[in-house]
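K.L.:
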Amino acid sequence: LRRVQRAWGDAAAVTPWRAAVFVGAVAASPVLALAGWVSVYHETELWAFALFLWTCVGLLDVLHAPSTRNVRAAGLLAVATVLTRASVGIGALVAVGLVALVLWRRDHRPDARRGLGWAVGGLLANSLVNYAKVGTWLDLPADRQVLTLQSPARAAWFAGNGGSFFSPRFLPTTVVHYLRPDAVRFERLVPFVKFGPNATEYGSYPLEGNTASSSLTVAATALCVLAVVGAVMALRRRAAWLAWPWLGAVVAGLPTLMIGFVANRYLVDLLPMLVLPAAVAVVAWRPARTRVWKGLAFAGLVWGAWANVAFAVWTSELKNPGFTSWRYQIDDAVFGGAPPNVVDAAPGAPVPLPGTVGIDGACDGLYIVEDDHWVPLELAWGTRRIAFVMPALTADHWEQTLITTRDGVLTAIRADSTGLTWDPMDGESSAALVPAGALVEVVADPVAGGMHVVADGTEIMFLLASPDLSTATLGEGIEDRTPTDRGTPICDAIAARR
Numbered sequence: 001l002r003r004v005q006r007a008w009g010d011a012a013a014v015t016p017w018r019a020a021v022f023v024g025a026v027a028a029s030p031v032l033a034l035a036g037w038v039s040v041y042h043e044t045e046l047w048a049f050a051l052f053l054w055t056c057v058g059l060l061d062v063l064h065a066p067s068t069r070n071v072r073a074a075g076l077l078a079v080a081t082v083l084t085r086a087s088v089g090i091g092a093l094v095a096v097g098l099v100a101l102v103l104w105r106r107d108h109r110p111d112a113r114r115g116l117g118w119a120v121g122g123l124l125a126n127s128l129v130n131y132a133k134v135g136t137w138l139d140l141p142a143d144r145q146v147l148t149l150q151s152p153a154r155a156a157w158f159a160g161n162g163g164s165f166f167s168p169r170f171l172p173t174t175v176v177h178y179l180r181p182d183a184v185r186f187e188r189l190v191p192f193v194k195f196g197p198n199a200t201e202y203g204s205y206p207l208e209g210n211t212a213s214s215s216l217t218v219a220a221t222a223l224c225v226l227a228v229v230g231a232v233m234a235l236r237r238r239a240a241w242l243a244w245p246w247l248g249a250v251v252a253g254l255p256t257l258m259i260g261f262v263a264n265r266y267l268v269d270l271l272p273m274l275v276l277p278a279a280v281a282v283v284a285w286r287p288a289r290t291r292v293w294k295g296l297a298f299a300g301l302v303w304g305a306w307a308n309v310a311f312a313v314w315t316s317e318l319k320n321p322g323f324t325s326w327r328y329q330i331d332d333a334v335f336g337g338a339p340p341n342v343v344d345a346a347p348g349a350p351v352p353l354p355g356t357v358g359i360d361g362a363c364d365g366l367y368i369v370e371d372d373h374w375v376p377l378e379l380a381w382g383t384r385r386i387a388f389v390m391p392a393l394t395a396d397h398w399e400q401t402l403i404t405t406r407d408g409v410l411t412a413i414r415a416d417s418t419g420l421t422w423d424p425m426d427g428e429s430s431a432a433l434v435p436a437g438a439l440v441e442v443v444a445d446p447v448a449g450g451m452h453v454v455a456d457g458t459e460i461m462f463l464l465a466s467p468d469l470s471t472a473t474l475g476e477g478i479e480d481r482t483p484t485d486r487g488t489p490i491c492d493a494i495a496a497r498r
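The opening residue of the sequence shown carries number 1 in this note's numbering; numbering runs sequentially from there.
#1: What does the Cβ neighbour count give for Y41, buried or exposed, with the cut at 16 atoms within 10 Å?
#2: Could you please give me the residues that DSSP links to P66 through a beta bridge?
#3: Nearest to L410 by alpha carbon, out of G163, Y266 and E476?
#4: Going by DSSP, which residues form a beta bridge with E399?
#5: Which first and last residues belong to the alpha helix (DSSP H) in which G225 is found?
#6: Less than 8 Å separating the beta-carbons of I359 and I490?
#7: Comparing alpha-carbon positions, which option in L83, G160, Y178 and R106 lies nearest K133?
#8: For R289, does the three-state DSSP call read helix, strand or coil?
#9: At the level of alpha carbons, what is the spacing between G160 and G91?
#10: To the nearest angstrom, how far is it from the Cα of D269 to the Cα of G117?
#11: With DSSP as the reference, identify every bridge partner of W157, one or two as the case may be.
#12: Helix, strand or coil: which one does DSSP assign to V190?
#13: With a 10 Å radius around its C-beta and 16 neighbouring C-beta atoms as the bar for buried, classify Q150 as buried or exposed.
#14: Which class does W37 belong to by DSSP, given the choice of helix, strand or coil?
#15: Where does the unbroken beta strand (DSSP E) through I330 begin, and where does it stop?
#16: Look at the Cβ atom of A387, then the Cβ atom of L439, and state whether they are nearer than 8 Å.
#17: Give me the residue from L147, A153, D111 and L93 with the minimum Cα distance to L124.
#18: Give, in chain order, every unbroken run of the alpha helix (DSSP H) that is at least 4 residues long and sits entirely within the stretch 94–157.
#19: Tell me, please, whether the stretch 194–207 touches the stretch 298–305 by the rule of three or more beta-carbon pairs shorter than 8 Å.
#20: Out of V4, A25 and W241, state which residue places its alpha-carbon closest to the alpha-carbon of V102.
#21: Please classify W422 as buried or exposed, where buried requires at least 16 other C-beta atoms within 10 Å of its C-beta.
#22: Based on Cα-Cα distance, which residue from G304, D332 and V369 lies nearest to K319?
#23: Please classify R114 as buried or exposed, where buried requires at least 16 other C-beta atoms within 10 Å of its C-beta.
#24: Can T405 and P467 be called in contact, C-beta distance under 8 Å?
#25: Between which two residues does the beta strand (DSSP E) carrying D351 extend?
#26: Three or more C-beta pairs under 8 Å: does that hold for the stretch 240–260 against the stretch 22–34?
#27: Give the DSSP-derived three-state secondary structure of M390 in the structure shown.
#28: Using only the alpha-carbon positions, how far apart do T484 and S213 sit?
#29: Using 8 Å as the cut-off, can you tell me whether the stretch 443–459 makes contact with the stretch 329–340, which would need three or more C-beta pairs spanning the two stretches below that distance?
#30: Y178 bridges to which residues according to DSSP?
#31: Counting C-beta neighbours from all protein chains within 10 Å, is the total for K194 16 or more, i.e. buried, or is it exposed?
#32: Which same chain residues, not among the five before or five after L138, have their C-beta less than 7 Å away from its C-beta?
#33: Would you mind stating whether V228 and W8 have Cβ atoms separated by less than 8 Å?
#34: Ends of the beta strand (DSSP E) at D344?
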């Protein structure tokens with residue numbers, strides 16, 4: 001704010017109230033929502049955002065007072081940004097290069113050469129690191145990712161997109177979604193706010209991933225309003241000093257708009273485009289009816305904090321059964337009556353909006369929607385899950401039927417170590433040591449899909465088949481460890497209210 005105030009020239013002092021509004025508008029934005037998941041993805045987003053803004057501060061110092069020290073500071077910060085997150089960092093390097101060209105026109109040619117050197121050197125450093133890591137200078141060889149090699153559908157997607165994550169064909173989808181004002185839904189369940197529908201695809205090629213995401217107008221409302229006001233003021237003033245770092249911010253955001261993937265975390269890559277003009281509004285805007293605008297600013301900050309905390313909670317707790325239990329317990333205590341947002345979850349039926357809770361049959365399973373698929377929260381013992389003790393296999397007794405259902409037979413076979421086979425499906429596990437006495441759990445889920453076999457907490461087999469375990473019989477001599485209690489207390493409590 002001090003740099004923008006200095007560059008603006010005739011702006012009054014920035015009051016603590018204005019500074020608090022600016023800091024609050026940035027904090028109560030998608031950067032807050034990233035607290036919902038501790039991951040390297042979110043960490044790099046946050047660091048790149050902070051480093052890019054710090055680079056802009058350095059560039060404003062360079063434009064105000066060109067010097068070797070200021071150019072070095074801005075250049076180092078831009079290099080740090082590109083080595084943290086390449087897509088955002090390239091925008092920072094572009095901003096450094098543009099400011100260097102401005103210095104060249106001002107006849108500060110030694111500083112201009114230094115600035116261009118930092119921009120080129122940063123790009124070279126990023127290219128060398130990228131080549132050392134993945135064998136390409138700038139692009140990511142997504143078609144050679146392990147995940148791609150394991151997924152024929154993903155491999156086909158990359159083959160149709162030139163082996164790249166990026167294409168301008170995704171711009172209609174991403175631009176519309178990240179600006180749409182209805183990317184939110186309200187409900188009476190805590191935290192009352194949740195993600196709206198997934199992105200509607202308008203491009204000529206489908207997205208590779210379409211996950212729950214809000215938008216800038218929803219999750220950064222106060223910042224959007226300030227940015228529009230500040231942009232208008234900067235255009236009227238012809239504040240060219242703002243254009244160079246802002247163009248860098250545009251370049252930083254372009255890869256996010258061109259990637260075939262929609263995610264809430266990507267909103268942070270777009271925030272620098274809002275922060276720079278928003279700073280102008282905070283410094284120079286003097287609206288009439290100050291009390292009204294202060295009230296609106298406070299409301300905008302409260303909304304931003306509430307919405308982004310809610311999005312963070314959804315990100316971290318959606319798959320936690322206790323979260324769903326807690327929400328419906330509060331709803332029952334406050335409102336009572338029929339539980340909201342609960343539907344029947346049937347195999348093959350259309351999947352409703354994210355956050356919807358589904359019940360399969362007589363509480364055979366309790367589910368919640370994540371993106372476009374059901375996630376199990378509870379699965380009933382005896383119908384969706386069974387457990388038994390692994391028998392001992394010997395040279396004389398090298399094959400043992402474990403369970404028999406109407407859909408197939410699970411068999412243990414001893415070779416060098418014990419492996420499992422499922423007949424008639426093509427579902428043979430790799431040879432895995434399953435010691436005698438291990439507790440084996442079989443989970444078959446027709447709603448979410450697939451059958452998992454777990455031995456002492458380690459998954460040893462997965463099949464696309466979902467046999468009906470309610471009719472399963474154990475092999476001769478197999479010790480049954482399936483609990484007599486169905487183990488669905490959350491589902492039972494919700495179903496009792498329907």
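We put the beta carbon where it would ideally sit given N, CA and C, even for glycine. Model, not experiment: these values are computed from the prediction.
P.N.:
In short, the structure shows the following:
#1: exposed
#2: Per DSSP, none; premise fails for P66.
#3: The shortest Cα separation from L410 among G163, Y266 and E476 belongs to E476.
#4: I413
#5: Checking the sequence shown, residue 225 turns out to be Val, not Gly. Its alpha helix (DSSP H) spans residues T221 to R237.
#6: Contact flag unset, no.
#7: L83
#8: coil
#9: 28 Å
#10: 25 Å
#11: Looking at the DSSP assignment, W157 forms no beta bridge with any residue, so it has no partner.
#12: coil
#13: exposed
#14: coil
#15: First-last for I330: P321 to V334, but that is the alpha helix (DSSP H), not the beta strand (DSSP E).
#16: With respect to L439, A387 sits close: the two C-beta atoms are nearer than 8 Å.
#17: Out of L147, A153, D111 and L93, L93 has the C-alpha closest to the C-alpha of L124.
#18: Entirely contained in the stretch 94–157, the alpha helix (DSSP H) runs reaching 4 residues are, in chain order, 109–134 and 146–150.
#19: By the C-beta criterion, the stretch 194–207 is judged not to be in contact with the stretch 298–305, since fewer than 3 inter-stretch pairs fall below 8 Å.
#20: Shortest Cα-Cα distance from V102 to any of V4, A25 and W241 involves W241.
#21: buried
#22: V369
#23: The residue is buried, with at least 16 neighbouring Cβ atoms inside 10 Å.
#24: Their beta carbons are under 8 Å apart, which means T405 touches P467 by this criterion.
#25: Contrary to the premise, residue 351 reads as Val rather than Asp in this sequence. First-last for V351: undefined, no H or E at that position.
#26: no
#27: coil
#28: 41 Å
#29: Because the criterion of three Cβ pairs below 8 Å is not met, the stretch 443–459 and the stretch 329–340 do not touch.
#30: Paired residues: none, contrary to the question.
#31: buried
#32: S127 and N130
#33: Contact: no.
#34: V342 to D344
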